[in-house]
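Please read the structure below before turning to the comments.
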Amino acid sequence: MTTLAAITNPWMHYLIWPVVKFSIAFIIVQGIVAAMNWIERRLLGLFQARLGPNRVGSEIGIPWGLGQIIADPVKFLLKEDIVPSSSEKVAYYLGPILPLVPAFIVFCLIPFGPPPTFAVTSNVNVGLLLILAMTSTVVYGIILGGWASNNKYSLMGGLRSAAQMVSYEVPFGLSIVGVLMLAGSLELEEIIRYQERNAWMFIPQIVACFIFIVAMNAENNRTPFDLPEAESELVAGYHTEYSAMKFAFYMLSEYSMMVVNCCLIVSLFFGGWTLAMGGFGLTTAVLKGWGLLGGLLGTLIFVTKVMTFMLVYIWTRATFPRFRFDQLMDLGWKFLIPLALANIFVTGIVVLAGGEWLLSVFGVAVIVAVVVFMMRKPEKVSRKVMHASPVSEA
Amino acid sequence: MDELTQGMPLVVFLIIGTIAVASSILVVAMRNPVHSALFLLLTFLCVAVLFVIREAEFVAAVQVLVYAGGIMVLFLFVVMLINVRHLPEERVMSRFWKGGFAVGLGIFILFAALVRPGVYHDPNPNTKELRTVRTYRMRNVRQADGTVIRKRVARPRVVGNSEAVGMMLYRDYLVPFEVISLFLLVAMIGAIIIGKRELSADEEETTPAFILERTETEREVKESFSA
Chain H
669 MTTLAAITNP WMHYLIWPVV KFSIAFIIVQ GIVAAMNWIE RRLLGLFQAR LGPNRVGSEI
729 GIPWGLGQII ADPVKFLLKE DIVPSSSEKV AYYLGPILPL VPAFIVFCLI PFGPPPTFAV
789 TSNVNVGLLL ILAMTSTVVY GIILGGWASN NKYSLMGGLR SAAQMVSYEV PFGLSIVGVL
849 MLAGSLELEE IIRYQERNAW MFIPQIVACF IFIVAMNAEN NRTPFDLPEA ESELVAGYHT
909 EYSAMKFAFY MLSEYSMMVV NCCLIVSLFF GGWTLAMGGF GLTTAVLKGW GLLGGLLGTL
969 IFVTKVMTFM LVYIWTRATF PRFRFDQLMD LGWKFLIPLA LANIFVTGIV VLAGGEWLLS
1029 VFGVAVIVAV VVFMMRKPEK VSRKVMHASP VSEA
Chain X
143 MDELTQGMPL VVFLIIGTIA VASSILVVAM RNPVHSALFL LLTFLCVAVL FVIREAEFVA
203 AVQVLVYAGG IMVLFLFVVM LINVRHLPEE RVMSRFWKGG FAVGLGIFIL FAALVRPGVY
263 HDPNPNTKEL RTVRTYRMRN VRQADGTVIR KRVARPRVVG NSEAVGMMLY RDYLVPFEVI
323 SLFLLVAMIG AIIIGKRELS ADEEETTPAF ILERTETERE VKESFSA
């Protein structure tokens, strides 16, 4: 059997390759999620002027508390698994497992590197739409878990999550439309190629980029929008009744979806695996010319960008207080959706008139304005306020 | 030869089709509304896979996005708000089951007759043909007798799935599409008007002025109180 026949053999095509790709995606996600758990706790500690987990593993010479990465899963595995006796059993067990499935399927659709080498991808003609569809089904785990626990707080968490997801699904999808109109394709690869030829999408589509970041925080129930698990109102929301490994599964799916959304924002707005604008720099063609090394480099660039946005997630979490529920709905329906529609309208007119550069000029102006605003002199703060001195590790 | 009737797509079709039929039966057979909703979700997903087998990826993705991602979430939302755990043990069979069975059988026979190969089947199951989009341009065309006239020339082009659907919706069937969207708009406005009712005089008295200024509907007032 020749190699080509081995690849096109239906069993290989429909069964073996998908399983192999799925396994690779699974391992990558597990690694990133495990690392993120530690990074998030450490960074939150630094943001709040405390240390965070910095001890575990120091006895056997593992630095910076990195042993926490292993200690956490071990703790989850060894803890007692309590199942409420009045829970709806099937849905209760299904709840934590269900959101993992779309999370891992999505990883098979994302191009991590320049096409021939490291893209763990099945190239679907409607790739982006399929990713959106998959991410929209993640909410079922939360709703089901909240309902099956037979607990008022859990149910409230599940209901809040359903309302929030349905609301923010809309600006999430609408914000992408402008990008699609510019790139003219639903394939992530094509969108990345457009960006390396012209400009990274966050410049012409700065409004869409803003809406996307807000909506993806809301989709993931991250802190400004973490009403489904608001600990000061609902105990722990939808996962109140979940313990041990089931709880860990919820965490796993949440972090997986964070990684997915970061992959999306990198591919859609920040140039994917390239470091090129206007056709100059590390374009796909240049990377391809370097063969395997180029493929590795492209993947490295992609992963670096993804990790940067994971840090933005943590930064957001450490910065903003939680919304009230009516504020959350107002923000979604009365601000983000009209803004996204206006963005589509303007982008459509500009694309039809053939003046894409106008959008870029606008984007640059907005970015400059934001930078100037952030660089302004801070107001004088009374020095007498007692606060913890920034802690640095000895 | 139709690609559905051979090889791996056939295997996938048989498995997924069986699951789809079984789960759609379970939707009506389940006693618990949430379980029914979940089986409906499974049916939607299976139908999406069937679309993929027929190389209609766009429709499959939209099926999952709209039905599984949006509508079913709302279904579940409502079911949970009502919080019906189990229906009371009533008679399972309706009194009209004979009539219903007859209608169902009739429709089944009708479909079986229609889907029989050669009658409803695509005479030319060539997906390329389906995905061909024609763009029209005015061109100068030289006739056989040497005169040059301006003429509309079609340029066929095979495009991706989503582009073909877009061309269909927004060019070939633009007017029906817009009419349908108007219908949906009417339904939506109706739903909003039904959901939004005036406060009674009693409620208006007891509600603080600053809340009345900000909110209008009863539901919003209640949310502001609980927040």
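Each protein sequence line maps, in turn, to chains H and X. So the first sequence is residues 669 to 1062, counted in our numbering. So the second sequence is residues 143 to 369, counted in our numbering. C-beta atoms are modelled at their ideal positions from N, C-alpha and C, and glycine is treated no differently.
8 Å Cβ cut-off: residues of chain H touching residue i
{"i": "F219 (chain X)", "result": "I811, L827, A830, A831 and V834"}
{"i": "G212 (chain X)", "result": "S804, V834 and E837"}
{"i": "V204 (chain X)", "result": "L797 and A801"}
{"i": "S304 (chain X)", "result": "N793, V794, L797 and L854"}
Option nearest residue i by Cα separation, candidates the options
{"i": "F1030 (chain H)", "options": "H:G814, H:I871 and H:G699", "result": "H:I871"}
{"i": "I213 (chain X)", "options": "X:A179, X:W239, X:P175 and X:V154", "result": "X:A179"}
{"i": "W941 (chain H)", "options": "H:F878, H:R1044, H:L797 and H:Y862", "result": "H:Y862"}
{"i": "G966 (chain H)", "options": "H:S924, H:G781, H:L797 and H:A953", "result": "H:G781"}
{"i": "V758 (chain H)", "options": "H:T984, H:S817 and H:A916", "result": "H:S817"}
{"i": "S911 (chain H)", "options": "H:I750, H:G939 and H:L827", "result": "H:I750"}
{"i": "F155 (chain X)", "options": "X:G337, X:A190 and X:D314", "result": "X:A190"}
{"i": "I982 (chain H)", "options": "H:L920, H:R890 and H:I728", "result": "H:R890"}
{"i": "F917 (chain H)", "options": "H:S691, H:V697 and H:I692", "result": "H:V697"}
{"i": "A717 (chain H)", "options": "H:T987, H:G1022 and H:I860", "result": "H:T987"}
{"i": "Q995 (chain H)", "options": "H:A886, H:G963 and H:L960", "result": "H:A886"}
{"i": "L797 (chain H)", "options": "X:L216, X:S323, X:V317 and X:S304", "result": "X:S304"}
{"i": "I799 (chain H)", "options": "H:A876, H:L854, H:E756 and H:V903", "result": "H:L854"}
{"i": "N705 (chain H)", "options": "H:G729, H:P892 and H:M919", "result": "H:M919"}
C-alpha gap between residue i and residue j, whole angstroms
{"i": "F880 (chain H)", "j": "L850 (chain H)", "result": "16 Å"}
{"i": "M945 (chain H)", "j": "G159 (chain X)", "result": "47 Å"}
{"i": "N866 (chain H)", "j": "G846 (chain H)", "result": "15 Å"}
{"i": "L256 (chain X)", "j": "A333 (chain X)", "result": "37 Å"}
{"i": "E864 (chain H)", "j": "F775 (chain H)", "result": "23 Å"}
{"i": "K1002 (chain H)", "j": "A883 (chain H)", "result": "14 Å"}
{"i": "V687 (chain H)", "j": "F772 (chain H)", "result": "12 Å"}
{"i": "K914 (chain H)", "j": "G720 (chain H)", "result": "25 Å"}
{"i": "P175 (chain X)", "j": "V221 (chain X)", "result": "7 Å"}
{"i": "F193 (chain X)", "j": "V201 (chain X)", "result": "7 Å"}
{"i": "V702 (chain H)", "j": "T908 (chain H)", "result": "Reading the sequence as shown, one finds Ala at residue 702 (chain H) and not Val. Near 22 Å, if we compare the C-alpha coordinates of T908 (chain H) and A702 (chain H)."}
{"i": "I684 (chain H)", "j": "V769 (chain H)", "result": "18 Å"}
{"i": "K293 (chain X)", "j": "Q285 (chain X)", "result": "10 Å"}
{"i": "W868 (chain H)", "j": "T805 (chain H)", "result": "29 Å"}
{"i": "L1068 (chain H)", "j": "V307 (chain X)", "result": "Any question about residue 1068 (chain H) goes unanswered here, given that chain H covers just 669 to 1062."}
{"i": "L766 (chain H)", "j": "C931 (chain H)", "result": "21 Å"}
{"i": "M1043 (chain H)", "j": "A1037 (chain H)", "result": "10 Å"}
{"i": "I331 (chain X)", "j": "L950 (chain H)", "result": "51 Å"}
{"i": "L827 (chain H)", "j": "V163 (chain X)", "result": "30 Å"}
{"i": "T185 (chain X)", "j": "E858 (chain H)", "result": "32 Å"}
{"i": "H177 (chain X)", "j": "V834 (chain H)", "result": "21 Å"}
{"i": "I738 (chain H)", "j": "F715 (chain H)", "result": "24 Å"}
{"i": "W958 (chain H)", "j": "G947 (chain H)", "result": "17 Å"}
{"i": "R709 (chain H)", "j": "S829 (chain H)", "result": "24 Å"}
{"i": "S924 (chain H)", "j": "T803 (chain H)", "result": "11 Å"}
{"i": "N1011 (chain H)", "j": "V1018 (chain H)", "result": "11 Å"}
{"i": "L943 (chain H)", "j": "S935 (chain H)", "result": "12 Å"}
{"i": "M280 (chain X)", "j": "C188 (chain X)", "result": "45 Å"}
{"i": "P1046 (chain H)", "j": "S921 (chain H)", "result": "39 Å"}
{"i": "N266 (chain X)", "j": "L311 (chain X)", "result": "Residue placement at N266 (chain X) cannot be trusted, given a pLDDT of 48 that sits under 50; what the coordinates show is reported in the next sentence. N266 (chain X) and L311 (chain X): Cα-Cα distance of roughly 22 Å."}
{"i": "L146 (chain X)", "j": "E197 (chain X)", "result": "Caution is warranted here: a pLDDT of 49 is assigned to L146 (chain X), below 50, making its placement in the model unreliable, and no coordinate value can be reported."}
{"i": "G337 (chain X)", "j": "S843 (chain H)", "result": "28 Å"}
Closer than 7 Å at the beta carbon, the chain X residues around residue i
{"i": "W815 (chain H)", "result": "V176 and M222"}
{"i": "A886 (chain H)", "result": "Near A886 (chain H) there are no residues of chain X at all, since even the closest Cβ is about 14 Å away, more than 7 Å."}
{"i": "L823 (chain H)", "result": "M222"}
7 Å Cβ cut-off: residues of chain H touching residue i
{"i": "L216 (chain X)", "result": "V834"}
{"i": "L207 (chain X)", "result": "L797, L800, A801 and S804"}
Chain-ordered chain X contacts of residue i [CB-CB under 8 Å]
{"i": "A986 (chain H)", "result": "Near A986 (chain H) there are no residues of chain X at all, since even the closest Cβ is about 24 Å away, more than 8 Å."}
{"i": "A1008 (chain H)", "result": "What A1008 (chain H) touches in chain X: nothing, since even the nearest Cβ is about 16 Å away."}
Chain-ordered neighbours of residue i on chain H, where CB pairs are closer than 9 Å
{"i": "F200 (chain X)", "result": "N793, V794, L797 and L854"}
Residue i: contacting residues in chain B (beta-carbon distance under 7 Å)
{"i": "V807 (chain H)", "result": "In the structure shown, chain B cannot be found, because the protein chains are H and X."}
Proximal chain X residues relative to residue i, where beta-carbon distance stays under 9 Å
{"i": "A851 (chain H)", "result": "By Cβ distance, chain X contributes nothing, its closest Cβ being about 13 Å from A851 (chain H), past 9 Å."}
### Three CB pairs or more closer than 8 Å across the segment 819-826 of chain H and the segment 199-216 of chain X
These segments do not touch.
Curious, which full-length alpha helix (DSSP H) runs of at least 4 residues does the segment 747-772 of chain H contain? 757-765
Pairs of beta-carbons, one from the segment 804-814 of chain H and one from the segment 893-910 of chain H, closer than 8 Å: are there three or more?
yes
query: Curious, which full-length alpha helix (DSSP H) runs of at least 4 residues does the segment 285-327 of chain X contain?
result: Runs of the alpha helix (DSSP H) spanning 4 or more residues and lying entirely within the segment 285-327 of chain X occur at 303-309, in chain order.
Check your understanding: Within the chosen definition, does the segment 760-768 of chain H reach the segment 154-169 of chain X through at least 3 CB pairs nearer than 8 Å?
Key -> Counting Cβ pairs under 8 Å, fewer than three are found: no touch.
Examine the Cβ distances between the segment 826-843 of chain H and the segment 1007-1020 of chain H and report whether three or more of them are shorter than 8 Å.
The segment 826-843 of chain H and the segment 1007-1020 of chain H touch, with no fewer than 3 CB-CB distances between them shorter than 8 Å.
- What runs of the alpha helix (DSSP H), each 4 residues or longer, lie entirely inside the segment 985-1053 of chain H? 993-998, 1005-1021 and 1024-1043
### Task
Only counting runs of 4 or more residues, tell me where the alpha helix (DSSP H) segments fall wholly within the segment 181-249 of chain X, in order along the chain.
199-204 and 214-224
- Whole alpha helix (DSSP H) runs in the segment 686-750 of chain H with 4 or more residues, listed along the chain? The segment 686-750 of chain H contains these whole alpha helix (DSSP H) runs: 736-746.
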